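Input: a single structure, listed below in structure tokens.
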Amino acid sequence: MPIITLTSDFGTLDGYVGAMKGVILGMAPTAVVTDIAHDIPAQDVEAGAWCVGLCWAYFPVGTIHIAVVDPGVGTDRAGLLACVDGQYLIGPDNGVFTQPLSQAKTVEVRKLRDSIHRSTGPSTTFHGRDIFAYAAGLLAAGEADWRALSEPVDAYTLLAQPGPAYDETEVRGRVLHVDRYGNLITNIVADRLPPDAQWMVRVGGATVSAPDLSRTYGDVGEGSPVVLIGSTGRVEIAVHAGSASRVFSVDRGAEIVMKKLV
Amino acid sequence: MPIITLTSDFGTLDGYVGAMKGVILGMAPTAVVTDIAHDIPAQDVEAGAWCVGLCWAYFPVGTIHIAVVDPGVGTDRAGLLACVDGQYLIGPDNGVFTQPLSQAKTVEVRKLRDSIHRSTGPSTTFHGRDIFAYAAGLLAAGEADWRALSEPVDAYTLLAQPGPAYDETEVRGRVLHVDRYGNLITNIVADRLPPDAQWMVRVGGATVSAPDLSRTYGDVGEGSPVVLIGSTGRVEIAVHAGSASRVFSVDRGAEIVMKKLV
Amino acid sequence: MPIITLTSDFGTLDGYVGAMKGVILGMAPTAVVTDIAHDIPAQDVEAGAWCVGLCWAYFPVGTIHIAVVDPGVGTDRAGLLACVDGQYLIGPDNGVFTQPLSQAKTVEVRKLRDSIHRSTGPSTTFHGRDIFAYAAGLLAAGEADWRALSEPVDAYTLLAQPGPAYDETEVRGRVLHVDRYGNLITNIVADRLPPDAQWMVRVGGATVSAPDLSRTYGDVGEGSPVVLIGSTGRVEIAVHAGSASRVFSVDRGAEIVMKKLV
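Residue numbers (the numbering used here), protein chains in the order written: chain A, 1 to 262; chain B, 263 to 524; chain C, 525 to 786.
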């Protein structure tokens, strides 16, 4: 009973997600199909990559992750089939799987064979249904080994993941993601910061004093900003019971500078 | 382990969908309950019908589709129980199942018996929980044949589905649905167009040259309009990396005219 | 195959819900994980409590309900593990489970032991993944009795649930919840009203004549207000094919006065 996760920018209103579920359950009725998100902003591959990146590693070996945020559908971009630490990834080769492909201990990336599509032939605009769900159905039903569905590739797409710049006096990073609470999640990994340092943090023109990184949002009063180590191990800027994104007028991509005080 | 799909305009916030899932899983704990959509605009039967229509056919024989977009709840509109190509439909008799009832090869439509409701008696405002989920639970648990739950009807409701008008020089159709990307999906079935014709398409006061129907969105530059055959086999007007609905100020129901050039 | 329900204010975009599902399915791959809602307004415990309250009772014995609306994450608020009528509740001890803890026939409330967390140690900002999903996984996998995961508590949190005030001539209640249709659901339980009374209802400065409580929305013309007994057994003020919340400019918490006419 393999687990199949679905991430997309389809929304649910148009029936596209329902069609994918129908294709999968028609082929593998005992598969456990579970939704991750379907409200990824339309064609925002980076947002899709964040969502998949945050959760894929918690699923068990054998899980099949389908992610369809696919502005290039029907063009010559390949369909990707990869195995990462015993889990499978199926979707467009456009970087939506950047995190698992970068984080896993064992990574084998191939591309879906052109012959893998529903018998009616693939549409040129809905590979989610005609190719990706179909391939997942074959895999989940145990009808084919994953390598039989795919062929080698020379290269595959990863989104750029620029790291922060460290020097003696400061760390310059970026906002990777703004979450639903308006928390600013940065690319600064807390493990790599000098222990016991004290900080001033520049964000969107403002300065937040963070002599110590806080433990959690409730460490400061309501409406106050707080710099903490978030649940992904990265430095995060939040406003307790508020939105740091709104308070600092800052969005994905903004620069964050941590100045060392001591 | 029957599959039960849920489509509604309930949203998820109010707990109504949770109540339906509880009723079903309480009666048929091994049923596979899967969400299609719960964000159908409130009481928009046409939008619900689109969503169900786009996905029902991909599910396997034995699937039970519940759709509740039900402005007439508690009035004398009947509850419908139908079998279409071996799948079951349960919901209000108001046209929300227009597509499967029109498209399936074998269609048998009946209405739910008045006696089919939770033992506490049906509320007059929440048939989704008290009647439709309950009926699906009985069916999924194998406690009753579908005909035992229902009785014959003389007539049932279908939404009007006006087709396009063809003549020598043009095809006049309508926008059936605007999807999340702002693509305009029309009622013009591509199979019925003369092969090798070339077209000018009038949409919302503008004219789009479409000498050939395109293959996919990426066939044109970003921001450019494109006329293509969409994944439902219908003519679709899109804007690459943009929203045709916004660009042309066009919504569901708008007229689309394809003028033949050659 | 235990059922696990998920209610949260996480949204789905950030991958937090996906991470919880991964943790659960990694520990208990045959668990049936089903979504109740993830669009609870951020940190609105009252809204989460409404949603859980409306649906929990329909689920079968053995179901595990996880609800995470948790503004106090990482502070010293306890994690709650309770058994209510044979179902389990897991989440922060902040009132999100007020309804089942108040409504169930048998209620035993304990708190999660500090030792119950993923082996990597709990983050201070994501107990949903590190503690609540983990505890549910242990329970669902049958690896521990619920009491072994928890310890007694002296007290636990319930949200205030002020009842209406009755006197000879009127009932003064409040709006408990505004649903997606703009229906105003009050704290006035219909069973407790004198039978055959006739009413004038004051809502947001306006007066609605309701000589008899109506059966359903369609009992009045489109755009007309209607006072009826809703699907939770409470008095509800609606506008047929419209939004009572908008028409009367009334939101959660507003006062509703029913004046007896006869």
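The C-beta atom is built at its ideal place from N, Cα and C for all residues, glycine as well.
In this text, all values refer to a predicted model and were calculated from it rather than measured experimentally.
Cβ-Cβ distance between residue i and residue j below 8 Å
i	j	result
G598(C)	R180(A)	no
E170(A)	K111(A)	no
G204(A)	A254(A)	yes
A714(C)	V759(C)	yes
P749(C)	V732(C)	yes
P595(C)	G603(C)	no
V326(B)	A402(B)	Looking at the sequence itself, residue 326(B) is Ile, so the reference to Val does not match. It is a contact, given that the beta carbons lie within the stated cut-off.
D14(A)	L475(B)	no
R380(B)	D392(B)	yes
L420(B)	L363(B)	yes
I527(C)	V556(C)	yes
V346(B)	T360(B)	no
L184(A)	I237(A)	yes
Coarse secondary structure for residue i, derived from DSSP in three states
i	result
S755(C)	coil
Y705(C)	coil
W574(C)	helix
I393(B)	helix
R174(A)	strand
Q161(A)	coil
P414(B)	strand
K21(A)	helix
D196(A)	coil
S471(B)	strand
R372(B)	strand
M263(B)	coil
R770(C)	helix
Q567(C)	coil
R464(B)	strand
T98(A)	helix
D559(C)	strand
Closest residue to residue i among the options (Cα-Cα distance)
i	options	result
T186(A)	D196(A), V201(A), A206(A) and A197(A)	V201(A)
V279(B)	W312(B), F388(B) and T368(B)	F388(B)
A422(B)	G353(B), W312(B), I328(B) and D376(B)	W312(B)
V371(B)	R409(B), T386(B), I518(B) and S377(B)	R409(B)
V702(C)	D775(C), S674(C) and D720(C)	D775(C)
T648(C)	Y217(A), S243(A) and P100(A)	Y217(A)
A42(A)	P211(A), V32(A), I66(A) and T7(A)	T7(A)
I352(B)	V330(B), P473(B) and E484(B)	V330(B)
E308(B)	V369(B), I328(B), D347(B) and V358(B)	V358(B)
Q627(C)	S767(C), F772(C) and T756(C)	T756(C)
E746(C)	S767(C), G666(C), S639(C) and T622(C)	S767(C)
D9(A)	T30(A), V52(A), M1(A) and P29(A)	V52(A)
Q722(C)	P735(C), I712(C) and R716(C)	P735(C)
G399(B)	R339(B), N356(B), D338(B) and G288(B)	G288(B)
A679(C)	N618(C), V763(C) and I564(C)	N618(C)
M487(C)	A561(C), D600(C), I712(C) and E675(C)	The question about residue 487(C) has no answer here: the residues shown for chain C are numbered 525 through 786.
M1(A)	G142(A), I229(A) and Y134(A)	G142(A)
R77(A)	V153(A), A206(A) and R192(A)	V153(A)
G425(B)	E413(B), V501(B) and R454(B)	R454(B)
G86(A)	G48(A), D145(A) and A133(A)	D145(A)
A206(A)	D167(A), L228(A) and F248(A)	F248(A)
Whole-Å CB distance - residue i paired with residue j, under 8 Å assumed
i	j	result
Y58(A)	G546(C)	3 Å
T529(C)	T558(C)	6 Å
R770(C)	G697(C)	That pair is no contact at about 20 Å.
M282(B)	G390(B)	5 Å
P291(B)	P584(C)	6 Å
A657(C)	I640(C)	Not really, about 11 Å apart at Cβ, beyond 8 Å.
Where residue i meets chain A, residues with beta-carbon distance less than 8 Å
i	result
R653(C)	Y58 and S231
Within chain A, the residues that residue i reaches when beta carbons sit closer than 7 Å
i	result
A566(C)	R180 and Y181
Amino acids of chain C, ordered along the chain, whose beta-carbon sits closer than 7 Å to that of residue i
i	result
S385(B)	S755
W50(A)	G539
Under 8 Å from the C-beta of residue i: neighbouring residues of chain B
i	result
M544(C)	Correct list: empty, because the minimum Cβ distance to chain B is about 16 Å.
L25(A)	I265, V294, T296, F321, P322 and T325
Proximal residues of chain C, C-beta to C-beta of residue i below 8 Å
i	result
D453(B)	Correct list: empty, because the minimum Cβ distance to chain C is about 37 Å.
Y217(A)	P595, V597, G598 and T649
Per-residue contacts from residue i into chain A (C-beta, under 9 Å)
i	result
M520(B)	What M520(B) touches in chain A: nothing, since even the nearest Cβ is about 19 Å away.
Near the ligand FAD: residue i beta-carbon under 7 Å from a heavy atom
i	result
V470(B)	Summarising the ligand content, the structure contains no ligands, and the ligand FAD is consequently not present.
Closer than 8 Å to chain D by CB, residue i
i	result
D429(B)	Absent here is chain D; the protein component of the structure consists of chains A, B and C.
Neighbouring residues, chain B, relative to residue i (Cβ below 7 Å)
i	result
F10(A)	R442
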